[in-house]
Amino acid sequence: MLYSNVSIVILEMQAVLVQSIVKILKKAGFTLTDIVETKPRCFDIVARRDKIVLLIKVLYNIDSLKVEMAEEMKMIAKLLNASPIVVGERFKFDYLERGVVYNRYGLPVINTATFYDFIVEKVPPMVYSAPGGHYVKLDSEKIREAREKAGISLGEIAKALGVSRRTVKKYEEGIDTSIENALKLEELLGTYIIKAIDLLNFVQDAKEFRDVKPELREKEEEIVEQLRCIGVEVHPLKHAPFDVVSKAENNSILTGVKQIKEIEKRAKILGRVSVVLSTKAAYIVEKDIKKDINSVVFVMKDELSCVSSPKDFISLLDEKRSTENNI
């Protein structure tokens, strides 16, 4: 019973956090939608302002973030040119500090105050947490230029900081350092040399990702294979409000394929996300259903047999969208 009560309290606190993040985003002029009614989900909020697209996961304690959720969040962000961010308040038994970026499975993690500073005040965090303490990134070019301009040798800086000459050389090559050393270096050179942490480009994994293998029924697998046969690039998902991210003719299409009773409800969520992301949305169905969701194009599975290329698939979606809007 005690465990159950604790879980309820944590869920309530997370709900409050979600609403706080929503308010912050609206204050900063973002268009957004939350998808907290869907489970499971690798992100809770999708937001957009101009070219900035954010996928946000909100957790009171970031220990509850699972590796497969993080990996899928990174994959979706890469496919949709978005920036994934985790917002939380605690890590193990400690509170996350304001202005500090933490790392969880390669995702940037910050607290609500840091998120507010970054989104509303446009003040980026400068410090990150790693094993051993807190560190900062250095502007290596600026260090070299300031040192040469001041006529200070590598050895003189090393002596002042209490480090080796080789370490100072590494500062000019891009190595990070402790906050204490960075502040001493700034005082010695008479200029700011700490670089802000780029949260929007924190995840820069150039490696090819492997598609996840969600549990799809036989008929849903057939739809996925039909899309692939057409030449559409298909990336199935397990923890998102859409079943597939399809790529065709430089278009990203949020795609639904699950044949469930709640198709209309799922399609509405899919449509809300697609509107925020300004992407196409399609739901491929086996039988005709109610079509009162303007942001989603419903395609009969049989219609795919008449499509022979990604270009034709996009044309089909555009044609159906145009026809439905004129009815």
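Numbered according to the working numbering, the sequence shown spans residues 33 to 359. Cβ atoms here follow ideal geometry from the backbone N, Cα and C, with glycine treated the same way.
Worksheet item: Does the beta-carbon of M33 have 16 or more other beta-carbons within 10 angstroms, so that it is buried, or is it exposed?
Response: Residue placement at M33 is flagged as unreliable, the pLDDT there being 48, under the threshold of 50; a coordinate-derived value is accordingly withheld.
Item to complete: Determine, using beta carbons only, whether I108 and V277 come nearer to each other than 8 Å.
Response: yes
Practice prompt. Answer with buried or exposed for E103, where buried requires no fewer than 16 other C-beta atoms within 10 angstroms of its C-beta.
Written response: buried
Worksheet item: Given that a residue counts as buried once 16 or more other Cβ atoms are within 10 Å of its Cβ, and exposed if not, what is I40?
Response: I40 sits exposed, since fewer than 16 C-beta atoms from the chains shown fall within 10 Å of its C-beta.
Worksheet item: DSSP state of I207, grouped into three classes?
Response: coil
Fill in: Outcome for Q46 when other beta-carbon atoms lying within 10 angstroms are tallied against a minimum of 16
buried
Item to complete: Find the nearest neighbour of F123 within the set Y134, T355, L231, judged by alpha-carbon distance.
Response: Y134
Worksheet item: Residues in its own chain within less than 6 Å of L220 by CB, not counting five upstream and five downstream?
Response: A192
Worksheet item: L248: which of I292, L232, E212, Y224 sits nearest, CA to CA?
Response: I292
Practice prompt. Just tell me which of I295, C338, D344, I67 has its CA closest to the CA of F330.
Written response: I295
Worksheet item: Between the C-alpha atoms of T65 and E254, what's the straight-line distance to the nearest angstrom?
Response: Annotation: T65 to E254 spans about 31 Å, alpha carbon to alpha carbon.
Discussion item. Just to confirm the assignment, what range does the beta strand (DSSP E) spanning S172 have?
Written reply: Where S172 is concerned, there is no enclosing beta strand (DSSP E), although the alpha helix (DSSP H) it sits in stretches over 172-182.
Practice prompt. Consult DSSP for R197 and reduce its assignment to one of helix, strand or coil.
Written response: helix
Worksheet entry | Burial state of A145, where buried means 16 or more other Cβ atoms lie within 10 Å | Using a 10 angstroms sphere on the CB of A145, the tally of other CB atoms stays under 16, which defines it as exposed.
Worksheet item: What is the DSSP secondary structure of V54, reduced to helix, strand or coil?
Response: In the structure shown, V54 adopts helical secondary structure according to DSSP, grouped into three states.
Worksheet item: Where do the N-terminal and C-terminal ends of the beta strand (DSSP E) with V152 fall, by residue?
Response: Boundaries cannot be given for V152, as no beta strand (DSSP E) includes it and DSSP labels it neither H nor E.
Practice prompt. Let me know the secondary structure DSSP gives R260 once reduced to three states.
Written response: Three-state result, R260: helix.
Worksheet item: Between the C-alpha atoms of K319 and D334, what's the straight-line distance to the nearest angstrom?
Response: 9 Å
Worksheet entry | Strand pairing of Y134, partner residues [DSSP] | The beta-bridge partner set that DSSP reports for Y134 consists of V141.
Fill in: Coil, strand or helix - V99 by DSSP
helix
Worksheet entry | Cross-strand partners of P362 (DSSP beta bridge) | Absent from the model: residue 362. The displayed extent of the chain is 33 to 359, so no value can be given.
Discussion item. Buried or exposed for G120, going by 16 or more other Cβ atoms inside 10 Å?
Written reply: buried
Worksheet item: DSSP state of P342, grouped into three classes?
Response: Three-state result, P342: helix.
Worksheet item: Between which two residues does the beta strand (DSSP E) carrying G288 extend?
Response: Element bounds for G288: 283-288.
Item to complete: Report, in whole angstroms, the separation of the C-beta atoms of I94 and V118, which I expect to be a contact under 8 Å.
Response: 6 Å
Discussion item. Quick check: what's the CA-CA separation for Y137 versus N113?
Written reply: 19 Å
Worksheet entry | Distance between L49 and Y92 (C-alpha atoms, nearest Å) | 7 Å
Worksheet item: Whose CA, out of C74, Y224, P140, lies closest to the CA of E177?
Response: Y224
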